[in-house]
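Trainee:
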Amino acid sequence: MHDFFIIALIAIALFFDYTNGFHDSANAIATVVSTRALSPRMALLMAASLNIVGAFFTTHVAATVGKGIVPPEAVNERVILAALLGAITWNLVTWYLGIPSSSSHALIGGIAGAGVFSAGFQTVNWSNILFKILSPAVWSCVLGLTAGFSLMVLFNHLFFKNSPSQMNKVFRKLQVLSAAGMAFAHGTSDAQKTMGIITMALVSKGILRDFSIPSWVIYACALVMGLGTAAGGWRIIKTIGMRVIKIEPVQGFCAETCAATSILIAAHLGMPVSSTHVISSAIMGVGASRRLSAVRWGVAGNIVIAWLLTIPAAALLAGFFTLFLH
Numbered sequence: 018m019h020d021f022f023i024i025a026l027i028a029i030a031l032f033f034d035y036t037n038g039f040h041d042s043a044n045a046i047a048t049v050v051s052t053r054a055l056s057p058r059m060a061l062l063m064a065a066s067l068n069i070v071g072a073f074f075t076t077h078v079a080a081t082v083g084k085g086i087v088p089p090e091a092v093n094e095r096v097i098l099a100a101l102l103g104a105i106t107w108n109l110v111t112w113y114l115g116i117p118s119s120s121s122h123a124l125i126g127g128i129a130g131a132g133v134f135s136a137g138f139q140t141v142n143w144s145n146i147l148f149k150i151l152s153p154a155v156w157s158c159v160l161g162l163t164a165g166f167s168l169m170v171l172f173n174h175l176f177f178k179n180s181p182s183q184m185n186k187v188f189r190k191l192q193v194l195s196a197a198g199m200a201f202a203h204g205t206s207d208a209q210k211t212m213g214i215i216t217m218a219l220v221s222k223g224i225l226r227d228f229s230i231p232s233w234v235i236y237a238c239a240l241v242m243g244l245g246t247a248a249g250g251w252r253i254i255k256t257i258g259m260r261v262i263k264i265e266p267v268q269g270f271c272a273e274t275c276a277a278t279s280i281l282i283a284a285h286l287g288m289p290v291s292s293t294h295v296i297s298s299a300i301m302g303v304g305a306s307r308r309l310s311a312v313r314w315g316v317a318g319n320i321v322i323a324w325l326l327t328i329p330a331a332a333l334l335a336g337f338f339t340l341f342l343h
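According to the numbering used here, the sequence shown is numbered sequentially starting from 18.
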C-alpha cells in the first residue's frame with residue numbers, strides 16, 4: 018500500500034510538472050509568436066527541446082524547494098501530496114482565467130501551507146522564504162523591468178536612423194535566439210522544482226538517506242516539463258504576448274534577453290524565481306520605454322494581483338487538502 022502511495026505521489030508530482038510546462042510555455046514563446054518570428058508550432062518545439070536541455074544545467078533550485086522550505090524528515094507523503102494538489106489547483110484556475118501566475122510560487126506556497134497545517138508554523142524555514150524566495154521575486158522583477166527599459170532605450174538611440182521595417186527584419190531573426198535563451202533559462206529554473214519535491218518525498222519515505230537527486234528523477238522531470246511546454250497554454254500566451262503591449266521584434270528581443278539573464282543568475286544562486294514574473298516585468302519595461310501609455314496597465318495590474326495572491330492562495334488550498342487527507 019505504501020509503495021503504491023509513493024508511486025502515485027510521484028505521478029502527481031510529474032502531473033504538476035506537466036501543468037507547469039503548459040502554464041509557463043508563454044514565458045518562452047509569447048513574444049516570438051506575437052511578432053511572427055516563429056510559427057506557433059516551431060516555437061513550441063524549440064521551447065520544449067530547450068526546456069529539457071536547461072533542466073540538466075543545475076540542481077541548486079531543486080535543493081531549495083526540496084529541503085529549504087520544510088525539512089523532508091518533518092513531513093510525510095500526505096503533506097507532500099497536499100502541497101502538490103494545492104499548487105495544481107491554483108495552476109489550473111489561473112490557466113483557465115488566462116492569468117500568468119507563477120507555478121513556482123504556487124508550489125512553494127503549497128509546501129509552506131501543507132507544512133503549517135500539518136506540523137505548525139515552526140516547521141517552515143521562514144528565513145529561506147524571505148531571503149531565497151520573496152526577496153529574489155522582487156529584485157528579479159525590478160531587474161527585468163529596468164533592464165528591459167534600459168536596453169530598449171539604448172537600442173532606440175543606436176538604431177534611430179533605421180526604419181521600423183529594417184529593425185523588424187533584423188530583430189525578427191535575433192528574436193529566435195533570445196526566445197531560445199528564455200526557453201533554456203526556464204528549464205534551468207522551473208523543472209528543478211518538481212525534482213526537489215520528488216526527492217523530498219523519497220527522503221521522507223526513507224528510500225533515500227540524504228537529499229541527492231537521482232538521475233531518473235532529473236530525466237523524468239525534464240521530459241515531462243518539455244511535453245507540457247509542447248502542449249502550449251494559449252490563454253496565457255495571448256495575455257503575455259498580446260494584451261500587455263503590442264510587441265515588435267526588437268521589443269521581444271530586449272524583453273527575452275533581459276528576462277533570461279535574470280532567471281539564469283537566480284538559478285545559479287539556488288533562488289526559485291518566477292519566470293512568469295520576470296518576463297512580464299521585462300515586457301512592461303520595454304513597453305514603458307516607448308511611452309507609459311503603451312502598457313495596458315489594467316492588464317498589468319491584474320497580473321500583479323495574481324502574483325500577490327499566488328503564495329497565500331496555494332498555501333490555503335494545500336492546507337485544505339492537508340486537513341482533508343488527514
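Ideal placement from N, C-alpha and C gives every residue a C-beta, glycine not left out.
Out of Ile215, Val321, Val267, state which residue places its alpha-carbon closest to the alpha-carbon of Val82.
Mentor: Val82 has its Cα closest to that of Ile215, out of Ile215, Val321, Val267.
Trainee: Regarding His285 and the ligand GDP, is the C-beta to nearest heavy atom distance less than 7 angstroms?
Mentor: Of ligands this structure carries none, so the ligand GDP is not represented either.
Trainee: Leaving out the 5 sequence neighbours to the left and right, which residues in its chain are closer than 7 angstroms to Phe270 when beta-carbon positions are compared?
Mentor: The residues are Phe188, Leu191, Gln192, Ser195.
Trainee: Determine, using beta carbons only, whether Thr327 and Gly38 come nearer to each other than 8 angstroms.
Mentor: No, these two residues do not count as a Cβ contact at 8 angstroms.
Trainee: So, Glu265 versus Gly198, is the Cβ gap smaller than 8 angstroms?
Mentor: Cβ distance not < 8 angstroms, so Glu265 and Gly198 don't count as in contact.
Trainee: In or out: Gly302 buried (at least 16 other Cβ within 10 Å) or exposed?
Mentor: The residue in question, Gly302, is buried, as its Cβ has 16 or more Cβ neighbours within 10 Å.
Trainee: In its own chain, which residues sit with a C-beta less than 7 angstroms from the C-beta of Thr106, not counting the 5 before and 5 after it?
Mentor: These residues qualify, in order along the chain: Leu334.
Trainee: In terms of alpha-carbon separation, which member of His294, Asp207, Gly223, Thr111 lies closest to Val241?
Mentor: Ranking His294, Asp207, Gly223, Thr111 by Cα distance to Val241 puts Asp207 first.
Trainee: Using a Cβ-Cβ cut-off of 7 angstroms (strictly less than) and excluding sequence neighbours within five positions of Val70, which residues of its own chain qualify?
Mentor: Here the set comprises Phe201, Gly204.
Trainee: Measure the C-alpha to C-alpha separation of Ala164 and Phe176 and round it to an integer number of angstroms.
Mentor: Taking the straight line from one Cα to the other gives about 18 angstroms.
Trainee: Run through DSSP, which three-state label would Lys178 get?
Mentor: Coil, per DSSP.
Trainee: Using a Cβ-Cβ cutoff of less than 6 angstroms, which residues in the same chain neighbour Met259 once the five nearest sequence positions on both sides are dropped?
Mentor: Since pLDDT at Met259 reaches only 48, below the 50 mark, its modelled position is unreliable, and no value is offered.
Trainee: Counting along the chain, where does the alpha helix (DSSP H) carrying Ser232 start and finish?
Mentor: Where Ser232 is concerned, the enclosing alpha helix (DSSP H) stretches over 232-248.
Trainee: Report all residues from its chain with a CB closer than 7 angstroms to the CB of Gly137; omit the five preceding and five following residues, and keep chain order.
Mentor: Nothing listed; no residue qualifies.
Trainee: Can you list, in chain order, the residues of its chain with a C-beta nearer than 7 angstroms to that of Lys84? Leave out the 5 residues immediately preceding and following it.
Mentor: Contacts found: Met217, Phe228.
Trainee: In angstroms with no decimal places, state the Cα-to-Cα distance between Phe22 and Glu94.
Mentor: Straight-line Cα distance between these residues: approximately 8 angstroms.
Trainee: Would DSSP call Arg260 helix, strand or coil?
Mentor: With a pLDDT of 47 at Arg260, under the threshold of 50, the modelled position of this residue cannot be trusted; read the value that follows with caution. Note: Arg260 maps to helix in three-state DSSP.
Trainee: Am I right that Thr230 and Ala79 are in contact with their C-beta atoms under 8 angstroms? What's the rounded C-beta distance?
Mentor: The identity of residue 230 in the sequence shown is Ile, whereas the question assumes Thr. Confirmed, about 6 angstroms.
Trainee: If we call anything under 8 angstroms between Cβ atoms a contact, is Ser118 one with Ala323?
Mentor: In contact: Ser118 and Ala323 (Cβ atoms closer than 8 angstroms).
Trainee: State buried or exposed for Gln139, treating a residue as buried only when at least 16 other CB atoms are found within 10 Å of its CB.
Mentor: Gln139 should be labelled exposed.
Trainee: Measuring CA to CA, which of Gly130, Gln209, Ser297, Val49 is closest to Ala339?
Mentor: The question names Ala, but residue 339 in the sequence shown is Thr. Ranking Gly130, Gln209, Ser297, Val49 by Cα distance to Thr339 puts Gly130 first.
Trainee: Within the region 126-181, note down every full beta strand (DSSP E) run reaching 3 residues or more, in order along the chain.
Mentor: Qualifying beta strand (DSSP E) stretches: none in this window.
Trainee: Rounded to whole angstroms, what's the CA-CA distance from Leu342 to Leu101? Just pull it up for me.
Mentor: Rounded to the nearest angstrom, the two C-alpha atoms are 13 angstroms apart.
Trainee: For Tyr236, does the count of other Cβ atoms within 10 angstroms reach 16, so buried, or fall short, so exposed?
Mentor: Looking at its Cβ environment, which holds fewer than 16 other Cβ atoms inside 10 Å, Tyr236 is exposed.
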